[in-house]
Amino acid sequence: MTSTLVHLDPAAELHACLDRVDAVDVEALDHEGTADLLRALTRAEARVAAKKLQLLACAERRRTASRSGAASTGQWAARLANADQVVAQRQVSLATGLERRGATRRALSAGEISAEHAAVIVHADRQLPARVTLEQRVVVERALVEKARVLSPGSLRKAARRALAAVEADVAVVDAHEHQIVSDQEAHARARTRLSLHDNDDGTVTGHFTIPVLQGHLLRKILETITAPRRARVGATRAQSGHSAVRSLGADWDRARGEAFCELLEHLPTDHLHPKTAATLVVTVGLDTLRGTLKVARLDTDETITAGEARRLACNSRLLPVVLGGASLPLDLGRSARLFTEAQRTALGTRHTTCAADGCERPFAWTELHHREPWTRHGPTDLDNAIPLCRFHHQRIHDQHYEHAETSDGSIAFRERC
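The opening position of the sequence shown corresponds to residue 1 in the UniProt record's numbering, with each subsequent residue numbered one higher.
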């Protein structure tokens with residue numbers, strides 16, 4: 001009796017299995033079935049990643065890249081997969097790191113942890129002090145693998161800063177090691193800090209920045225604070241709120257954060273900058289424009305803004321207007337006579353806790369003081385003529401497309417002009 005050995009192609013079997021999975025009608029699954037399949041696919045994803053990393057490690061040992069003329073295994077792998085070389089090289093680094101960390105490699109191969117978890121563990125091991133022995137490193141690794149089974153990669157990354165605690169009883173030593181890790185991270189973040197701005201020549205500026213996590217969280221907190229209060233009650237008109245009362249997710253929130261960022265920039269204090277005038281935006285505007293004429297104003301950066309924006313900014317203390325008469329001669333090089341004082345603002349805060357626009361809940365602290373009777377029409381700078389408006393409603397009150405009226409309770413209601 002003879003037997004025939006059948007050699008199966010692992011890649012073909014893998015794709016055949018995936019074809020069967022792809023044939024599953026996900027719409028026909030119930031909630032439990034959906035969850036079960038998602039868990040199974042997540043585990044399979046980790047197992048596939050483990051095998052891919054083993055292949056990369058093998059290729060690195062065999063110097064496979066040199067046979068195809070590639071400069072590195074990362075470059076070789078990137079060519080094969082049409083991937084970014086930086087990402088591929090990072091995977092090669094993880095692959096070689098896993099070769100010396102059996103517990104992590106086995107957990108990933110079993111689908112118990114993800115490749116992201118594995119990367120955190122490998123990085124944590126590399127950060128351990130040189131005095132830590134191989135036996136101690138195994139103990140630390142196993143402890144991190146156990147944590148990885150129940151923590152997200154982000155949470156594991158934070159816990160890994162104290163990984164030394166698995167083999168070090170002295171809390172002070174563990175604290176010092178964690179402090180050094182965070183200190184190195186901060187130095188690395190400062191070195192990578194960047195900001196670039198590009199004028200799109202269409203009235204917008206596109207920017208990109210990389211900042212340390214501390215300042216990033218500060219910015220996020222501030223923007224969340226600005227966007228958190230509801231601008232208008234449910235059912236308010238678009239003229240009053242500027243958008244549907246209940247925002248959808250996605251682009252609307254991106255725009256809300258963008259507008260909040262603009263509001264933040266307009267409220268940044270420049271008092272302690274050297275020289276202060278370098279951070280002062282100068283707007284050259286005709287007196288007739290301040291009085292309501294539809295003419296643009298010019299910034300000292302050689303850009304132009306609308307009359308409405310110029311009039312709104314003229315209410316704030318972060319802009320220096322150079323008001324020109326008919327002969328283009330300076331009539332006013334300051335605004336102390338028409339700016340509300342801090343004492344007046346404090347007093348007004350006893351009357352208002354929010355923006356004065358009907359239904360707006362923007363805090364009073366973030367409002368701008370608007371002259372009920374315009375200063376350019378001889379309106380006085382006193383409390384009875386002051387209206388606190390958030391940036392959005394201050395823009396709206398200067399917008400020629402809208403009209404406003406004071407309601408019986410003193411709030412300001414807006415509607416589109418017919």
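A virtual CB, placed ideally from N, CA and C, is assigned to each residue, including glycine. Given the structure is predicted, the values throughout are model-derived calculations rather than measurements.
GLU45 counts as exposed, since fewer than 16 other beta carbons sit within 10 angstroms of its beta carbon. Annotation for ARG391: GLU263, GLU266 and GLU368 place their beta carbon closer than 7 Å to its own, counting only its chain and skipping 5 residues before and after. CA-to-CA, the gap between PRO10 and SER196 works out to about 48 Å.
Judged by beta-carbon spacing, ALA119 lies beyond the 9 Å limit of LEU144, meaning their Cβ atoms are not closer than that value. Pairing LYS221 with LEU14, the inter-Cα distance amounts to about 46 Å. Secondary structure note for ALA386: its beta strand (DSSP E) is the uninterrupted segment 386–389. Bridge partners of GLY349 according to DSSP: none are assigned. Here the alpha carbons of ALA160 and VAL167 stand approximately 13 Å from one another.
Listed as beta-bridge partners of PRO380 by DSSP are no residues whatsoever. DSSP places ILE121 within a helical segment (H, G or I) once states are collapsed to three.
By the 16-neighbour rule on beta-carbons within 10 angstroms, ASP25 is exposed. The region 82–98 makes no contact with the region 128–143; the number of CB pairs closer than 8 Å stays below 3.
In this structure ARG194 is exposed. Its beta-carbon is surrounded by fewer than 16 other beta-carbon atoms within 10 angstroms. Judged by beta-carbon spacing, ALA57 lies within the 9 Å limit of LEU98, meaning their Cβ atoms are closer than that value. With respect to ARG149, GLU116 sits apart: the two C-beta atoms are not nearer than 9 Å. Nearest Cα to HIS393 within the set ARG377, SER408, TRP366 and LEU383: TRP366. Annotation for ASP36: the continuous alpha helix (DSSP H) segment containing it runs 31–62. Shown here, GLY359 sits in coil according to DSSP, grouped into three states, outside any helix or strand.
The straight-line gap separating the alpha-carbon atoms of HIS188 and LEU214 is approximately 13 Å.
Pairing ASP202 with THR304, the inter-Cα distance amounts to about 12 Å. Between THR34 and ASP19, the alpha-carbon positions lie close to 18 Å from each other. Under DSSP, THR104 forms no beta bridge with any residue. By the neighbour-count criterion, in which 16 or more other beta carbons inside 10 Å mark a residue as buried, SER66 falls on the exposed side.
In the three-state reduction of the DSSP assignment, ASP84 falls in the coil class, being assigned neither a helical nor a strand state. Exclusion of the five residues before and after ALA49 leaves ALA115 as the residues of its chain whose Cβ lies within less than 6 Å of its Cβ. The Cβ atoms of LEU164 and HIS179 do not sit closer than 9 Å to each other. Membership of ASP199 in the beta strand (DSSP E) is indicated by the continuous run 194–199. Looking at the DSSP output, PHE414 bridges to HIS404. For the pair GLN395 and PRO363, the Cα-to-Cα distance works out to about 17 Å.
Take THR354, set aside five residues on each side of it, and the residues of its chain with a beta-carbon closer than 7 Å to its own are CYS360, GLU361, ARG362, PRO363 and PHE364, in chain order. Following the DSSP letters along the chain, one finds GLU13 inside the alpha helix (DSSP H) bounded by residues 10–22. The residue among HIS404, TRP375 and THR376 with its C-alpha nearest the C-alpha of ALA357 is HIS404. When CYS418, LEU389 and GLN400 are compared, the shortest CA-CA separation from GLU406 is found for LEU389. The beta carbon of ASP382 lies closer than 8 Å to those of GLN344 in the same chain, with the five residues before and after it left out.
Counted as a single uninterrupted DSSP element, the beta strand (DSSP E) harbouring LEU369 occupies residues 368–371.
DSSP places PHE340 in the coil class of the three-state scheme, outside both helix and strand.
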